[in-house]
Amino acid sequence: MRGKSLISHLGPIIMLLAGLAFAWGAVATLDLGTFRRMGPGAFPLLVGGVLTVLAAICLVQNIRSPIGVGPADYIAVLGVIVGVAVFAFFTPRLGVLPATAIAVLATGSAIPDFKWPYRIMLAFGVAISVWLIFVKGLGMPFVAIKGL
Amino acid sequence: MDLLSNLAIGLATAATPVNLMYCFIGVFLGTFIGVLPGVGPLAAVAMLLPVSFYLDPATALVMLAGVYYGAEYGGSIASILLNIPGTPSSSVTCIDGYPMAQQGRAGVALFATSVASFFGAIFGVIVMISLSPLLAEFALLFQPAEYFSVMVLGLIAASIVSSFGVLRGLMMVCLGVLLGTIGVDINTGDTRFTMGIAELRDGISLVVVAMGLFGISEVMVALRGATQSYAGQNLRGRDIYPSWAECRRSFMPALRGSTIGSFFGTLPGTGQTVASFVGYAVEKKVSPNKVEFGKGAIEGVVAPEAANNAAAQTAFIPTLTLGIPGSTTMALMLGALMIHGITPGPRLIADHPDLFWGLVVSFLFGNFFLLVLNIPLIGLWVRLLRVPHYYLYPTVVIMICVGVYGVSNSLTDVWATLAFGILGYVLRLFRFEPAPMLIGFVLGPMMEEYFRRAMLLSRGDPMVFLERPGSAALLTISVGMMLISVIPFKKISANFFKRLRI
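Protein sequences appear in the order of chains C and R. For any residue, its number in the numbering used here is found by taking its place in the first sequence, counting from 1, and adding 8. For any residue, its number in the numbering used here is found by taking its place in the second sequence, counting from 1, and adding 427.
As structure tokens, then:
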């Protein structure tokens, strides 16, 4: 229980750091200007300051009565990350359609009870739909399959 | 007379075969998205944003809007049949819709929601037609100080309805505004917070933020729950018509629901979920059949459905006339307009009458499509719910990737979308809701612009925001709204009465 509440402080702490980072960045790297003619740094400093104060209040509240952290599903997160990464990695190397098929397979693998024949079917189906909708239908400038 | 000529302009835009087709595609897709639990209209509009760049602005808006209000129709289907809300705003419909389905009156409930939705939507459109030009004319009197204050009001309203409390909502708004400052400052040309990365000079793209926060992170949440498919009941055609008595009982709730919905839709930041909850609560208070509520009262289905569809239409009023989005989805719609080079605001109706009135007329067409289509298609939607959902999510991931890649032709944006997806997921874990952040991101740059302009006009006197009566009133309302939601009035009054007795 104690460990859990410690983790839940991380949320407000991240926000606090983000607020400080923007406010400090504005002061350190940007011109604040005058009240009359505000420089590029004034507004970020203001909002960053507000965020810092709010996050501090939130942190105090959270220390008094912690809000539970939601359950994380690492396999699902990994499945989606790998899917997108695979798409971004293979598109310049093989073309959009093969990248699509591989990405669908990768994300599909994270879902239990989804049998392999169906996963492969879905991969081909999605690749064909992408070709029909985006390449043929909307005429987006994609390299469908490299070398073709 | 003026109105008729305006509607004629709108008809000329909306009734072209292309626009009619995209309106149809929009409402059909919207219903589809609404039926599926887990994928909301927000994610759907985010995914279609890239596609819309390839279309004419009016066509794009007609389609995106169709998805948006179509989803409100679809959302109630899953609520009634499965007790799982398809969209957040239709969660109230579960309370009476599901008991009706259990009593074998699912068809009646679905028919009633379709008609109530249509009624509410048309009511909302009429409100929009009569109110928008007036509001736009009024808004022409606005000066930068007022604009700034309206945006403050919108942002505070957006954070109040956030499900983890005002404080967390406000923090997300601030974070969104800050992310919006990244890139070149338009007043001075200085780059801000780019950390030397060339891609950040133009700022972070709205498509990337929206797809990451809502598309990718929603799939992460839903992916592994995708194994079960839902079994629905069989429906037969003749079971769907309500009796005459039920029709009569439904009329007043539909009217009350529409009125309440229209009101809440126009408030910036609140949107349909609040509208449908209030619609249900009020109906429960005033209905002569109070005891039946929660056990399958037809009023309990009709009132919230009329309310959320009316709100879906009137939410366009502040979006198009003031440039202040009524909800997160509206913020995306606003972004779509701006990408097409159209600045939403009081001048929109005057400068682009074809766009505005075309959109209004397309609402009428779209809702008519929904009414006519949905009743015969109820069987299809039920069957769709039985298809295992694992086909859906990998497909959604690819649609997002291809969409982002298609807009910018840059894989850097795909990686950035992934980063925002992970950020969105982590923030959700820590109980921060991403929706207010997106509204902050869209409104932030405009807000800064008006803030700086107001300060320039007042010669550096920040009191200008309180001295101008319009701005002062708006800020007072904002502070009041915040206080109402922060101060625990119930506790205070309970303590007060306790003391009185002792």
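Using N, Cα and C, we set each Cβ at its ideal position, and we do this for glycine too. These numbers come from a predicted model, not from an experiment.
First and last residue of the alpha helix (DSSP H) that includes Gly-467 (chain R)?
To locate residue 467 (chain R), count along the second sequence from 1; it is residue 40. Taken as a continuous stretch (DSSP letters only), Gly-467 (chain R) belongs to no alpha helix (DSSP H), as it is neither H nor E.
Per-residue burial, Gln-530 (chain R) [other beta carbons within 10 Å of its own, 16 or more giving buried]
Taking the second sequence and counting its residues from 1, one reaches residue 530 (chain R) at position 103. Exposed, since its Cβ has fewer than 16 Cβ neighbours within 10 Å.
Under a three-way DSSP split, which group does Leu-618 (chain R) fall into?
As a first step, residue 618 (chain R) must be located in the second sequence, where it is residue number 191. Note on residue identity: the sequence assigns Thr, not Leu, to residue 618 (chain R). Residue state for Thr-618 (chain R) is assigned as strand, using DSSP reduced to three classes.
Cutoff 8 Å; reference Ile-686 (chain R); Cβ partners in own chain excluding five residues on either side:
Locating residue 686 (chain R) in the second sequence gives position 259, counting from the first residue. One point to set straight first is that residue 686 (chain R) is Thr, not Ile, in the sequence displayed. Setting aside the 5 residues that flank it on each side, Thr-686 (chain R) is surrounded in the same chain by Phe-550, Ala-737, each with a C-beta closer than 8 Å to its C-beta; the list follows chain order.
Pick out whichever of C:Trp-124, C:Leu-67, C:Ala-114, C:Ala-109 has its Cα sitting closest to the Cα of Gly-133 (chain C).
Here residue 133 (chain C) corresponds to residue number 125 of the first sequence, with the count starting at 1. For Gly-133 (chain C), the nearest C-alpha among the options comes from C:Ala-109.
Have a look at Ile-136 (chain C) and Ala-111 (chain C) and give me their C-alpha separation to the nearest angstrom.
For the purposes of this step, residue 136 (chain C) is taken as the residue at position 128 of the first sequence. For the purposes of this step, residue 111 (chain C) is taken as the residue at position 103 of the first sequence. Between Ile-136 (chain C) and Ala-111 (chain C), the alpha-carbon positions lie close to 14 Å from each other.
Quick one: using the 10 Å Cβ neighbour count with 16 as the cut-off for buried, is Ile-929 (chain R) buried or exposed?
What you label residue 929 (chain R) is simply residue 502 of the second sequence in a count that begins at 1. Because the pLDDT of Ile-929 (chain R) is 49, which lies under 50, any placement of that residue in the model is unreliable, and the question is left without a value.
Same chain, Cβ closer than 7 Å to Asn-555 (chain R), neighbours up to 5 away in sequence not counted:
Taking the first residue of the second sequence as position 1, residue 555 (chain R) is located at position 128. The question names Asn, yet the displayed sequence has Met at residue 555 (chain R). Cβ within range, chain order: Gln-740, Thr-741, Phe-743, Ile-744, Val-787.
Applying a beta-carbon distance threshold of less than 7 Å, which residues of chain R neighbour Leu-146 (chain C)?
Against the first sequence, residue 146 (chain C) aligns to sequence position 138. By Cβ distance, chain R contributes Val-478, Tyr-481.
Verify whether the separation of the beta carbon atoms of Gly-116 (chain C) and Pro-821 (chain R) is less than 7 Å.
The residue given as residue 116 (chain C) occupies position 108 in the first sequence. The residue given as residue 821 (chain R) occupies position 394 in the second sequence. For the pair Gly-116 (chain C) and Pro-821 (chain R), the CB atoms are nearer than the 7 Å cut-off.
Assuming contact is defined by CB atoms lying nearer than 7 Å, are Val-604 (chain R) and Gly-848 (chain R) in contact in what I supplied?
Looking up residue 604 (chain R) in the second sequence gives position 177. Looking up residue 848 (chain R) in the second sequence gives position 421. Taking C-beta atoms as the reference points, Val-604 (chain R) and Gly-848 (chain R) fail to come closer than 7 Å.
8 Å contact criterion, which Ser-589 (chain R) and Ala-862 (chain R) should meet: CB distance rounded:
Walking along the second sequence from the start, residue 589 (chain R) turns up at place 162. Walking along the second sequence from the start, residue 862 (chain R) turns up at place 435. With a beta-carbon spacing of about 7 Å, Ser-589 (chain R) and Ala-862 (chain R) fall inside the 8 Å limit used to define contacts.
Sufficient close CB pairs (3 or more, under 8 Å) joining the region 22 to 38 of chain C to the region 562 to 580 of chain R:
Output reads no: the region 562 to 580 of chain R does not touch the region 22 to 38 of chain C.
Could you tell me whether the Cβ of Met-638 (chain R) comes closer than 7 Å to any Cβ of chain C?
Residue numbering aside, residue 638 (chain R) sits at position 211 when the second sequence is read from its first letter. Not an interface residue.
Assess contact between the region 83 to 95 of chain C and the region 827 to 843 of chain R, defined as three or more Cβ pairs (one per stretch) separated by less than 8 Å. Is contact present?
Touching, yes, given that three or more Cβ pairs across the two stretches are closer than 8 Å.
Nearest chain R C-beta to Met-46 (chain C) closer than 7 Å, yes or no?
Working through the first sequence from its first residue, we reach residue 46 (chain C) at position 38. Chain R has a Cβ within less than 7 Å of the Cβ of Met-46 (chain C).
According to DSSP, which residues form a beta bridge with Val-611 (chain R)?
Here residue 611 (chain R) refers to the residue found at position 184 when the second sequence is read from its first residue. Bridge partners of Val-611 (chain R): R:Thr-618.
Ile-643 (chain R) touches chain C at which residues, Cβ-Cβ below 8 Å?
In the second sequence, residue 643 (chain R) corresponds to position 216, counting from 1. Those within 8 Å of Ile-643 (chain R) in chain C are Val-88, Val-92.
Below 8 Å, how does it come out for the region 673 to 684 of chain R and the region 481 to 496 of chain R: are there three or more Cβ pairs, yes or no?
Contact fails: fewer than three Cβ-Cβ distances are below 8 Å.
Members of the region 585 to 611 of chain R near chain C, C-beta cut-off 7 Å
Residues of the region 585 to 611 of chain R with a Cβ closer than 7 Å to any Cβ of chain C, in chain order: Leu-594, Arg-595, Leu-597, Met-598, Cys-601, Leu-602, Val-604, Leu-605, Thr-608.
With distances taken Cα to Cα, identify the nearest neighbour of Phe-455 (chain R) among R:Met-882, R:Val-713, R:Phe-796.
For the purposes of this step, residue 455 (chain R) is taken as the residue at position 28 of the second sequence. In terms of Cα proximity to Phe-455 (chain R), the closest of R:Met-882, R:Val-713, R:Phe-796 is R:Phe-796.
Within the 7 Å Cβ cut-off, does Val-913 (chain R) reach chain C?
By 1-based counting over the second sequence, the position of residue 913 (chain R) is 486. No, no contact with chain C.
Does any CB atom of chain C fall closer than 7 Å to the CB of Asp-617 (chain R)?
Here the question's residue 617 (chain R) lines up with position 190 in the second sequence. The beta-carbon of Asp-617 (chain R) is placed less than 7 Å from the nearest beta-carbon of chain C.
Going by CA-CA distance only, name the one from R:Gly-907, R:Pro-896, R:Leu-865 that's closest to Leu-761 (chain R).
Indexing the second sequence from 1 puts residue 761 (chain R) at position 334. It is R:Leu-865 whose Cα lies nearest to the Cα of Leu-761 (chain R).
Using a Cβ-Cβ distance cut-off of 7 Å, determine whether Phe-857 (chain R) contacts chain C.
Taking the second sequence and counting its residues from 1, the one referred to as residue 857 (chain R) is at position 430. Yes, because at least one Cβ of chain C sits closer than 7 Å to the Cβ of Phe-857 (chain R).
So which residues on chain R does Val-35 (chain C) lean against when the C-beta distance must stay under 8 Å?
For this step, residue 35 (chain C) is matched to residue 27 along the first sequence. In chain order: nothing, as chain R lies at least about 12 Å away.
Identity of the residues DSSP links to Gly-41 (chain C) by a beta bridge:
Here residue 41 (chain C) is taken as the residue at index 33 of the first sequence, counted from 1. Beta-bridge analysis with DSSP links Gly-41 (chain C) to C:Met-46.
Partner residues on chain R for Ala-152 (chain C), Cβ-Cβ distance less than 7 Å:
If you number the first sequence from 1, residue 152 (chain C) lands on position 144. Taking a Cβ-Cβ cut-off of 7 Å, Ala-152 (chain C) has no neighbours in chain R, whose nearest Cβ is about 11 Å from it.
If you drop the 5 nearest sequence neighbours on each side, which residues of the same chain put their C-beta closer than 7 Å to that of Asp-612 (chain R)?
To locate residue 612 (chain R), count along the second sequence from 1; it is residue 185. Closer than 7 Å at the Cβ level, and outside the excluded window around Asp-612 (chain R), lie Arg-619.
Thinking Ala-84 (chain C) and Ala-118 (chain C) are a contact (beta carbons under 8 Å), I'd like their distance in whole angstroms, please.
Here residue 84 (chain C) refers to the residue found at position 76 of the first sequence. Here residue 118 (chain C) refers to the residue found at position 110 of the first sequence. About 6 Å; that satisfies the 8 Å criterion.
Can you check whether the C-beta of Ala-707 (chain R) is within less than 7 Å of a C-beta belonging to chain C?
On the second sequence, position 280 is the one that residue 707 (chain R) refers to. Strictly speaking, residue 707 (chain R) in this sequence is Tyr, with Ala absent from that position. Tyr-707 (chain R) has a beta carbon lying at 7 Å or more from every beta carbon in chain C.
Assuming Pro-48 (chain C) contacts Asp-617 (chain R) (C-beta within less than 8 Å), just tell me the rounded distance between them.
Taking the first residue of the first sequence as position 1, residue 48 (chain C) is located at position 40. Taking the first residue of the second sequence as position 1, residue 617 (chain R) is located at position 190. So it is a contact: roughly 5 Å between Cβ atoms.
Pop quiz: Gly-501 (chain R) and Val-462 (chain R) are said to be a contact at Cβ under 8 Å. What is the actual Cβ separation, rounded to whole angstroms?
Here residue 501 (chain R) refers to the residue found at position 74 of the second sequence. Here residue 462 (chain R) refers to the residue found at position 35 of the second sequence. Separation of the CB atoms of Gly-501 (chain R) and Val-462 (chain R) is rounded to 4 Å, and the pair is thereby assigned contact status at 8 Å.
Spatial neighbours of Ala-653 (chain R) within its chain, please: C-beta separation below 6 Å, excluding the five flanking residues on both sides.
Position 226 of the second sequence holds residue 653 (chain R). Confidence in Ala-653 (chain R) is poor, its pLDDT being 49 and thus under 50, which makes the residue's placement unreliable; the coordinate value appears in the next sentence. Once the five neighbours on either side are set aside, the close Cβ partners of Ala-653 (chain R) are His-816, Tyr-817, Tyr-820.
Could you check whether the Cβ of Phe-620 (chain R) sits closer than 7 Å to any Cβ belonging to chain C?
The sequence position of residue 620 (chain R) within the second sequence is 193, counting from 1. Interface residue, yes.
At least one CB of chain C closer than 7 Å to the CB of Cys-450 (chain R): is that the case?
Stepping through the second sequence from its first residue, residue 450 (chain R) is reached at position 23. With 7 Å as the cut-off, Cys-450 (chain R) does not count as an interface residue toward chain C.
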